[in-house]
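Worksheet: the structure to be examined is printed underneath.
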Amino acid sequence: MYDVSTKVKIQPLPEGLTLQAVDIYHVYGLEHQNKVVALRGISFDINKGEILGIIGPSGSGKSTLLLSLGGMLKPTAGQVIYSDGTDLTKLPEELQFEFRRNNIGYVFQEQNLITYLSAEKNIEMPMRLIGMSLIDRKKRVRELMERLGIWHRRTHTPKRISGGEQQRVSIARALANNPKLIFADEPTGNVDSETSTQILELFNELKEEMDTSYLICSHDPVVGEFTDRTLEIRDGILIGEHLEDIDLTDLDSSRFLVIDNQNRITLPEKALVQFQGTILYTWEIAEEGLLLKPLAKTERKIEQKIKFCTTCGMEIPKGEYSCPRCGAKLSRVVR
Ligand SMILES: Nc1ncnc2c1ncn2[C@@H]1O[C@H](COP(=O)(O)OP(=O)(O)OP(=O)(O)O)[C@@H](O)[C@H]1O
Ligand SMILES: [Mg+2]
Numbered sequence: 000m001y002d003v004s005t006k007v008k009i010q011p012l013p014e015g016l017t018l019q020a021v022d023i024y025h026v027y028g029l030e031h032q033n034k035v036v037a038l039r040g041i042s043f044d045i046n047k048g049e050i051l052g053i054i055g056p057s058g059s060g061k062s063t064l065l066l067s068l069g070g071m072l073k074p075t076a077g078q079v080i081y082s083d084g085t086d087l088t089k090l091p092e093e094l095q096f097e098f099r100r101n102n103i104g105y106v107f108q109e110q111n112l113i114t115y116l117s118a119e120k121n122i123e124m125p126m127r128l129i130g131m132s133l134i135d136r137k138k139r140v141r142e143l144m145e146r147l148g149i150w151h152r153r154t155h156t157p158k159r160i161s162g163g164e165q166q167r168v169s170i171a172r173a174l175a176n177n178p179k180l181i182f183a184d185e186p187t188g189n190v191d192s193e194t195s196t197q198i199l200e201l202f203n204e205l206k207e208e209m210d211t212s213y214l215i216c217s218h219d220p221v222v223g224e225f226t227d228r229t230l231e232i233r234d235g236i237l238i239g240e241h242l243e244d245i246d247l248t249d250l251d252s253s254r255f256l257v258i259d260n261q262n263r264i265t266l267p268e269k270a271l272v273q274f275q276g277t278i279l280y281t282w283e284i285a286e287e288g289l290l291l292k293p294l295a296k297t298e299r300k301i302e303q304k305i306k307f308c309t310t311c312g313m314e315i316p317k318g319e320y321s322c323p324r325c326g327a328k329l330s331r332v333v334r
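Each residue of the sequence shown is one higher than the last, beginning at 0 in numbering that gives the first Met the number 0.
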């Protein structure tokens with residue numbers, strides 16, 4: 000197969016993979032403006048038919064990551080490779096649109112429904128864009144709306160239906176073209192906990208029925224019960240991975256530390272507190288694994304210089320290295 004834009008031969012991903020993100024960076028801000036480095040080298044795979052979660056504090060880069068993977072935002076560097084081998088970052092814009100319409104569904108953090116169109120017209124829109132016939136569109140809209148329990152609301156505009164129903168309309172729209180991958184950014188952000196559970200149960204059922212993969216980012220504790228695997232992002236870096244059934248109030252207990260593509264590892268808060276900001280460690284490969292030992296405190300110790308969270312302004316208690324309110328990791332090295 001050839002990538003039409005570059006005429007470069009591309010290799011499909013190995014069987015079982017839906018997407019591969021390789022060293023994604025994203026920097027916001029134009030020339031001469033203050034820059035925000037939102038993503039700092041993120042790499043991971045999404046397996047076929049899995050629900051993969053992304054968790055992390057506000058401002059850690061979740062939405063930026065989803066937008067970059069879905070081709071809505073061009074990453075500053077890195078590759079986003081889909082199962083047929085297409086690198087979305089290399090496609091010219093007009094081909095990106097087409098690729099997205101055919102392969103990806105997106106449930107936005109803000110629902111993004113077209114306010115003057117009825118629920119059914121909103122759902123029909125992506126099918127119009129790929130030129131599906133009227134008869135097929137009508138059939139698919141009915142099928143999706145019945146499946147999501149919103150058929151009786153078909154003629155209503157988004158304002159005249161509840162938050163949960165709007166969310167279902169946005170999910171139906173994302174599913175319209177039968178994509179193999181759905182990105183959902185805080186899909187349960189604007190609904191009550193009962194509706195959250197229903198939406199997530201629905202994702203689980205649809206995953207089985209339609210063989211779709213999901214990438215869901217969320218702060219919602221309920222989400223942890225539905226994901227097959229969850230990645231933890233902090234300050235634009237992947238710091239941990241969790242398997243099924245995670246408790247968002249106690250991430251330390253289920254976190255596997257990640258050594259990322261660039262061989263970085265982020266130590267858990269507990270260890271940082273225990274060693275009070277020591278920055279030099281000796282290391283050895285021991286029988287059980289890698290053993291890190293802090294150098295004696297008197298030899299090299301840093302003071303905590305940051306008193307207020309740089310993300311949300313909360314006062315930071317002495318001896319802590321992340322914000323108790325928003326979870327942002329604080330730069331602790333002031334030498
Ligand atoms: N358009 C933009 N211009 C400049 N900086 C931005 C822009 N959008 C996001 N950022 C910054 O990039 C970082 C990551 O933002 P992002 O929206 O991806 O975080 P998030 O994890 O989705 O947060 P939340 O949980 O609040 O939705 C933040 O520091 C944010 O302020
Ligand atoms: Mg966000």
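A virtual CB, placed ideally from N, CA and C, is assigned to each residue, including glycine.
Please classify Arg299: does DSSP put it in a helix, a strand, or coil? Note that Arg299 scores 49 on pLDDT, short of 50, meaning its location in the model is unreliable; the coordinates nonetheless yield the value given after this. Residue state, collapsed to three classes: coil.
Report yes if the C-beta of Tyr27 is less than 8 Å from at least one heavy atom of ligand 3; otherwise report no. Of the ligands one can find in the structure shown, namely ligand 1 and ligand 2, none is ligand 3.
Distance cut-off 8 Å: Cys216 Cβ against heavy atoms of ligand 2: It does: the Cβ of Cys216 is within 8 Å (strictly closer) of some heavy atom of ligand 2.
Given this structure, state the Cα-to-Cα distance separating Ile181 from Ser212, to the nearest angstrom. Whole-angstrom Cα-Cα distance: 6 Å.
Can you list, in chain order, the residues of its chain whose CB lies under 8 Å from that of Arg299, leaving out five sequence neighbours each side? Caution is warranted here: a pLDDT of 49 is assigned to Arg299, below 50, making its placement in the model unreliable, and no coordinate value can be reported.
With burial defined as no fewer than 16 other Cβ atoms inside 10 Å of the residue's Cβ, what is the status of Ser82: buried or exposed? Buried: at least 16 other Cβ atoms inside 10 Å.
Can you check the stretch 135 to 187 for any beta strand (DSSP E) of at least 3 residues that lies completely inside it and give the ranges in chain order? Taking only runs of at least 3 residues, the beta strand (DSSP E) segments lying wholly in the stretch 135 to 187 are 180 to 184.
Backbone secondary structure at Ser335 - three-state DSSP: This structure gives no information on residue 335, because the portion of the chain shown stretches from 0 to 334.
Are the Cβ atoms of Ile50 and Lys179 separated by less than 9 Å? Not a contact, by the Cβ cut-off of 9 Å.
Neighbourhood of Arg263 by C-beta, 6 Å cutoff - its chain only, sequence neighbours within 5 removed: Excluding sequence neighbours, Arg263 sits near nothing in its chain.
In this structure, how does DSSP classify Ile245 when only helix, strand and coil are distinguished? Coil at Ile245, not helix or strand.
Can you give me the start and stop residues for the alpha helix (DSSP H) that Leu94 sits inside? Glu92 to Asn102 is the extent of the alpha helix (DSSP H) around Leu94.
Limits of the beta strand (DSSP E) - the one that Leu290 falls within: Unbroken beta strand (DSSP E) run through Leu290: Gly288 to Pro293.
Helix, strand or coil for Leu205? Go by DSSP, reduced to three states. Looking at Leu205 - three-state DSSP - the assignment turns out to be helix.
Would you say the beta carbon of Ala173 comes nearer than 8 Å to a heavy atom of ligand 1? Ala173 Cβ: outside cutoff for every heavy atom of ligand 1.
In three-state terms, what does DSSP make of Ser192? The answer is helix: DSSP assigns Ser192 an H, G or I state.
Identity of the residue in Asp191, Leu230, Ser195 and Ile232 nearest Val222 by Cα: With distances taken between CA atoms, Val222 lies nearest to Ser195 out of Asp191, Leu230, Ser195 and Ile232.
Three or more C-beta pairs closer than 8 Å, one from the stretch 50 to 69 and one from the stretch 233 to 243: is that the case here? Touching, yes, given that three or more Cβ pairs across the two stretches are closer than 8 Å.
Along the chain, where does the alpha helix (DSSP H) that runs through Arg127 open and close? Per DSSP, Arg127 belongs to the alpha helix (DSSP H) from Ala118 to Leu128.
Let me check one thing: in DSSP terms, what residues is His112 bridge-paired to? Here residue 112 is Leu; the residue named in the question, His, does not match the sequence. According to DSSP, Leu112 bridges with nothing at all.
Could you check how far apart the C-beta atoms of Ile53 and Leu214 are, in whole angstroms? I think they sit under 8 Å. Contact between Ile53 and Leu214 holds, with the beta-carbon distance rounding to 7 Å and staying under 8 Å.
Within a Cβ cutoff of 7 Å, which residues of the same chain sit near Asp219, ignoring the five residues on either side of it in sequence? Excluding positions up to five away in sequence, the list reads Thr187 and Ser195.
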